[in-house]
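Visitor:
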Amino acid sequence: MSRITLTQLRNLKAKGKKISCLTAYDASFAHFLDQAGVEILLVGDSLGMVIQGHDSTLPVTVEDMIYHCQLVQRGSQRALLVVDMPFMSYATPNQALETAARLMREGQAQMVKLEGGAWLVDTVQLLTERGIPVCAHLGLTPQSVHQLGGYRIQGRTETEAEQLQDDALALQTAGASLLVLECVPSDLAAKITASLKIPVIGIGAGAACDGQVLVLYDMLGITPGKSPSFSKDFLQETGSIPAAIDAFVSAVKKGTFPEE
Ligand code: KIV
C-alpha cells in the first residue's frame with residue numbers, strides 16, 4: 013500500500029475534511045495508528061519527554077530521531093511519516109540540509125518538521141528546492157521553552173497575533189507544505205487556517221484547524237504527571253488502545269474533538 017501524499021492532504025483541506033495526526037515512536041503503536049486510518053504519523057521530539065523521561069525536548073539528538081523514525085516506518089504502511097528536526101540540528105540552512113537528508117535517507121521520513129518563524133524562511137526554501145518537504149511549527153515551540161519563559165499560550169496580544177500570521181504566510185511562501193499550530197487562541201488559529209492554502213494541524217489551537225494532533229501518550233492518559241489541559245484521555249472512555257485510537261480519529265473527523 014502506498015503512503016498518504018501531500019496532494020491527498022491538500023485535497024482533504026480543499027474538501028473541508030479533517031486530518032488526523034498522532035505522534036508515534038515505535039513499530040507496535042505505529043501499526044495500530046496506521047490501522048485506525050491516522051493520516052499523519054509524527055515522530056515527535058516529544059519522545060525526549062514521554063519516552064526518555066527528560067523535562068524538555070532539548071536533549072534529543074538526530075540519532076534518536078533516526079532510530080525512532082526507523083521503528084515507526086517499519087510498523088506502518090499507509091500514513092505520511094513526518095519527523096521532527098531536534099534542537100540545534102537546523103541552526104543554519106546548511107546544517108538543516110544535512111540533518112534533513114539523514115532523517116530522510118536513514119530514518120526514511122517523508123517530511124521534516126522545524127520549529128520557528130520567519131527566521132526559517134531561507135532554510136525552508138533551501139530544503140524544499142532540494143526536494144525535502146517541510147512542515148513548519150508555530151505558536152508554542154517547545155524547543156524554545158526557555159526563551160518563551162515556559163509552556164504557555166502564544167499569540168495573545170495583537171502584536172504577537174500579527175507576527176504569527178505573518179510568519180505563517182512567509183513559511184508557506186518559502187515552500188512549507190504543512191503547518192503545526194500549537195497553543196494559540198482558537199480565533200487566531202481559525203484566521204491563520206483560513207488564510208493559508210496548506211493544511212494547518214492544531215494542538216491546543218481550537219476546532220477550526222484543518223486537522224488535529226496530540227501526543228499519543230497524552231491521549232492514552234499514560235504520560236506521567238499532568239497532561240496538557242487541551243488533551244483528552246481517549247483510553248479512559250474506551251477501555252482498549254485500538255478503540256481509543258479509533259475514537260480519536262472519529263472525533264477529529266466528525267469535528268467533536270476538540271470541543272469549543
Ligand atoms: O514533538 C511533538 O510531539 C510535537 C507535537 C506536540 C506537535 O511537535
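Numbering-wise (my numbering), the sequence shown opens with residue 13 and increments by one.
Every residue gets a Cβ at the ideal spot worked out from N, C-alpha and C, and that includes glycine.
Can you tell me where the alpha helix (DSSP H) holding residue 234 begins and where it ends?
Guide: Run containing residue 234: none; DSSP gives neither H nor E here.
Visitor: For residue 158, which beta-bridge partners are listed by DSSP?
Guide: Residue 158 is not bridged to any residue.
Visitor: Counting only runs of 4+ residues fully inside the stretch 111-142, write out the alpha helix (DSSP H) ranges in chain order.
Guide: 133-141
Visitor: Quick check on this structure: which residue in 153, 119 and 47 has the alpha carbon closest to the alpha carbon of residue 99?
Guide: 153
Visitor: Please determine whether the Cβ atom of residue 54 lies at a distance below 7 Å from any heavy atom of the ligand KIV.
Guide: yes
Visitor: Along the chain, which unbroken stretches of the beta strand (DSSP E) at least 3 residues long are found entirely within the stretch 28-56?
Guide: 31-35 and 52-55
Visitor: Is it the case that the stretch 27-43 contacts the stretch 86-106, given that we only count it when at least three CB pairs across the two stretches are under 8 Å?
Guide: yes
Visitor: With a threshold of 7 Å (Cβ to nearest heavy atom), would residue 194 be considered close to the ligand KIV?
Guide: yes
Visitor: Classify residue 230: buried if its beta carbon has 16 or more other beta carbons within 10 angstroms, exposed otherwise.
Guide: buried
Visitor: Assign residue 215 to buried or exposed, taking buried as 16 or more other Cβ atoms, counted over all protein chains shown, within 10 Å of its Cβ.
Guide: buried
Visitor: Given a cut-off of 8 Å, decide if residue 91 and residue 63 are closer than it, judged by their beta-carbon atoms.
Guide: no
Visitor: Please name the residue, chosen from 61, 31, 26 and 35, that lies closest to residue 238 on a Cα-to-Cα basis.
Guide: 61
Visitor: Where residue 194 and residue 168 are concerned, what is the direct C-alpha to C-alpha distance, given to the nearest angstrom?
Guide: 13 Å
Visitor: Please return the same chain residues whose Cβ sits closer than 8 Å to the Cβ of residue 141, not counting the five positions on each side in sequence.
Guide: 187
Visitor: Would you kindly check if the distance between the Cβ of residue 211 and the Cβ of residue 31 is under 8 Å?
Guide: yes
Visitor: Exposed or buried, what is residue 145 when buried is set at 16 or more other beta-carbons lying within 10 Å of its beta-carbon?
Guide: buried
Visitor: Runs of 4 residues minimum, wholly inside the stretch 144-212: which ones carry the alpha helix (DSSP H) assignment?
Guide: 157-160, 170-186 and 198-207
Visitor: Looking at residue 234 and the ligand KIV, is the gap between the Cβ and the nearest heavy atom below 7 Å?
Guide: no
Visitor: State yes or no: is the C-beta of residue 147 within less than 8 Å of the C-beta of residue 190?
Guide: Contact flag set, yes.
Visitor: Does the beta-carbon of residue 27 have 16 or more other beta-carbons within 10 angstroms, so that it is buried, or is it exposed?
Guide: exposed
Visitor: Here's the rule: buried if 16 or more other CB atoms are within 10 angstroms of the residue's CB, otherwise exposed. What is residue 206?
Guide: Residue 206 is exposed by the Cβ-count criterion.
Visitor: Beta carbon of residue 149: closer than 7 Å to some heavy atom of the ligand KIV?
Guide: yes
Visitor: Which same chain residues, not among the five before or five after residue 66, have their C-beta less than 7 Å away from its C-beta?
Guide: 60
Visitor: For residue 158, does the count of other Cβ atoms within 10 angstroms reach 16, so buried, or fall short, so exposed?
Guide: Exposed.
Visitor: Quick check on DSSP: helix, strand or coil for residue 64?
Guide: coil
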